[in-house]
Amino acid sequence: MSETADPVPAQPDPERARGIRSYVLRRSHFSTAQRDAYERLMPIYGIPFTAQPLDFTHVFGRAAPRVLEIGFGMGETTAEIAAAYPHIDYLGVEVHTPGVGALLKRIESQGLRNIRVIEFDAQAVVRHQIPDGSLTGIHVFFPDPWPKARHHKRRLLQPQFVTNLVAKLLAGGYLHFATDWPEYAEQMNEVLEATAGLSSVRPAGGAINAAYGADGAPTRPETKFERRGVALGHPIADLIRYRVDGPR
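The numbering used here numbers the first residue of the sequence shown as 73 and each following residue consecutively.
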């Protein structure tokens, strides 16, 4: 398969142009297959960024539980989860075009109909496009740990952003974060513990039970970044919290 190093650039985010970004748009290979999937399928499964809240029932063509995944990488985990839970709709947000193309390719090859994609800065998407009280769950798996102390301000899961995420959950909805950096896991835990409206105890009712059943729980398949971390001897931390108030 031929490859090139000139991916289609992600759309610029004017609101973040002067701020601190949690990501860097690195040049990476954009394979012929990824490019083809991107060009053909983004008009079908892609959602343009706008400053208006989404109508999820219109976007997916049905009323169903909804899960947001921030930073899906190459989409392997997203596709596996969506295939396992066809009754749940998944919105993936990613800024790296090759990863978007890779997920679109998986959507087509696996015949998935419950995934939509936004190629944009997740902070702007959450702030503008996700209605409050609209989500069953939010996944953030292995975000960039920015290990150098001077770069910690670039980490995605800062107090204000987590507060914004909680506002998007239904009562009984969940946040699921994962990392292989112990120090980042400690910071995540500190932020979660300080965020109002969250509990580490799964509620008896609410959105998560409506989506997965009283005894069910969303699974997290092993990711490429997790395998890399394990190979390096890094411990894996999964942090899950539930919204204890909010709309039902």
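Heads up, the beta-carbon is just placed ideally off N, CA and C, and yes, glycines get one too.
One thing to note: GLY205 has its Cβ within 8 Å of the Cβ of LEU242. Rounded to the nearest whole angstrom, the CA to CA distance from GLU152 to ALA136 is 18 Å.
Per DSSP, THR267 has no beta bridge partner at all. One Cα belongs to THR150, the other to GLN259, and the distance between them is close to 25 Å.
Note on THR251: 16 or more other CB atoms within 10 angstroms of its CB, so buried under the neighbour-count rule. According to the DSSP secondary-structure assignment, SER181 is paired through a beta bridge with no residue. Rounded to the nearest whole angstrom, the C-alpha separation of LYS225 and GLN195 is 14 Å. For the pair LEU237 and LEU176, the CB atoms are not nearer than the 8 Å cut-off. Residues PRO170, GLY173, ALA174 and LYS177 of the same chain have their beta carbon placed closer than 7 Å to that of GLN106, with the five preceding and five following residues left out of the count. When secondary structure is reduced to three states using DSSP, ASP161 falls in the strand class. Annotated three-state conformation of GLY301 is helix, per DSSP. Taking 8 Å as the upper bound for CB-CB distance, GLY301 and ILE308 are in contact here, some 6 Å apart. Around the Cβ of LEU304, a 10 Å sphere holds fewer than 16 other Cβ atoms; the residue is exposed.
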